[in-house]
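In our numbering, the protein residues as written are 520 to 836. We put the beta carbon where it would ideally sit given N, CA and C, even for glycine.
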Amino acid sequence: MQAGRRVTVFGGSGFVGRYVVQRLARRGCVVRVCVRDTVAAAFLKPMGNVGQVVPMRVSLASDDAALRAAVEGSDAVINLVGILAEGGGQTFQALQAEGPARLAQAAAQAGVDKFVHVSALGADAGSKSVYARTKAAGEAGVRAAFPGATIFRPSIVIGPEDGFFNRFARMTDWSPALPLIGGGHTRFQPVYVGDLADGIVAALDTPAAAGKTFEAVGPRAYSFQELMVYLLDQIGKHRGLIPLPFALAEIQGAILEKLPIKLLTRDQVELLKTDNVGTGAPGLEALGVKPHAMEAVAPTWLAAYRKGGRFGSTKRA
């Protein structure tokens, strides 16, 4: 994107969003960041010059008029909104199925040139998981409203603020063991957040990306158990790894999903029954982005959980 181009980003204050906004600002784009809480999104403003990054109080659940006003005059619109569990008035149906379609329609009506939508690798209209079904519905709605949209399907996204490695690393502070749901056999292909952000921005500069779907995955797949072993090796802690059958995990999910902080839900357990790896479809490489190996990036933030920090020993204690 050329300097001065206007880009509207929904979900720009989230984990992936902050990296996308940073890259757009560096290119000189004027960025509208549509969020529910503009005060919480204020940390994005210093990423650009005065007035270059502007948080706006508009959510994906806003009415159609508000969505149209948010995208009016934009050269590109990027949708990064997604949730892992329902709660606080947020539902999969509203944010992942209906919201993307309504936003894409607003963008089309406003004459926006480019639309990028971030979905999920597990999107599947036939899945038993509501998360996966609504992700698939969101893709279909975007395609119908904005046929030239570019869609990304990432596997687990990892990075300094991720909700995966950080969650289990914090768990080691109080738990003597980590659970291996379903025995830990489910496979994932983690993608570094910076690589995903680079791919999203690259898609805006790649005419051939219009109307395409890209799988955002890292260079290698790992089982859930392998990821937990890697985590413990990096933070230098001895913790047990206890296989937890899906049936028991579903019972735990039924209880934990009622808490304010959703540590586990039955829908998440359902997702874990299916591998989350690439299928061989075009990936980030097709956009000129070479994905980093997990081992090359994860130690930079996991060191914070190690005794002595980055200078501490990885020898398990």
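Sequence-distant partners of G678 (beyond 5 residues in either direction) whose C-beta falls short of 8 Å from its own C-beta, in its chain, are F534, Y538, Y711, V712, G713, V816 and W820. Here G660 is buried, its C-beta having at least 16 other C-beta atoms within 10 Å.
The alpha carbon of L715 has as its nearest neighbour, out of P762, H636, I754 and I602, the alpha carbon of H636. Taking each of A740, L622, K777 and V549 in turn and checking the Cα distance to G523, the smallest one comes out for V549. If the five residues before and after Q708 are omitted, its C-beta is found closer than 6 Å to the C-beta atoms of S674, V736, G737, A740, V796 and G797, all from its own chain and listed in chain order. For I761, the secondary structure class from DSSP, reduced to helix, strand or coil, is strand.
By the C-beta density criterion, R545 is exposed, having fewer than 16 other C-beta atoms within 10 angstroms. Closest in C-alpha terms to P574, from the list T557, G567 and A585, comes T557. The bridge partners DSSP lists for Y711 are I677. When the Cα atoms are used, T653 and Q612 turn out to be separated by approximately 6 Å. The shortest CA-to-CA distance from F562 to any of S581, V540 and F687 is the one to V540. CA-CA distance, R621 to D583, rounds to 7 Å.
The segment 683-693 makes no contact with the segment 635-651: fewer than 3 CB pairs, one atom from each, lie closer than 8 Å. Excluding residues up to 5 positions away in sequence, F534 and L603 lie with their Cβ nearer than 8 Å to the Cβ of G682 in the same chain. Put simply, of S694, L803, V572 and G807 the residue whose alpha carbon is nearest the alpha carbon of F671 is L803. Rounded to the nearest whole angstrom, the CA to CA distance from A560 to S638 is 22 Å. The secondary-structure analysis by DSSP pairs A595 across a beta bridge with V526 and K633. The three-state secondary structure of N795, taken from DSSP, is strand. A822 and Y749 have their C-alpha atoms spaced approximately 12 Å apart. Shown here, G641 sits in coil according to DSSP, grouped into three states, outside any helix or strand. Our two residues, A589 and I597, have alpha carbons roughly 12 Å apart in a direct line. Excluding five sequence positions before and after A812, the CB atoms of its chain that fall closer than 8 Å to its own CB belong to G737, P738 and R739, given in chain order.
The DSSP-derived three-state label of L746 is helix.
For G567, same chain residues with a beta-carbon under 6 Å away, outside a window of 5 residues either side, are A544 in chain order.
Per DSSP, reduced to three states, the secondary structure at L543 is helical. For A728, same chain residues with a beta-carbon under 7 Å away, outside a window of 5 residues either side, are T669, A722 and L806 in chain order.
Between Q744 and L760, the C-beta spacing is below 8 Å.
The residues F765 and L791, in chain order, have a CB closer than 6 Å to that of G701 in the same chain once the five nearest residues on each side in sequence are set aside.
Residues C553, L579, N598 and V600 of the same chain have their beta carbon placed closer than 6 Å to that of F529, with the five preceding and five following residues left out of the count. Burial is judged here by how many other beta carbons sit within 10 angstroms of a residue's own beta carbon; I780 has fewer than 16 and is exposed.
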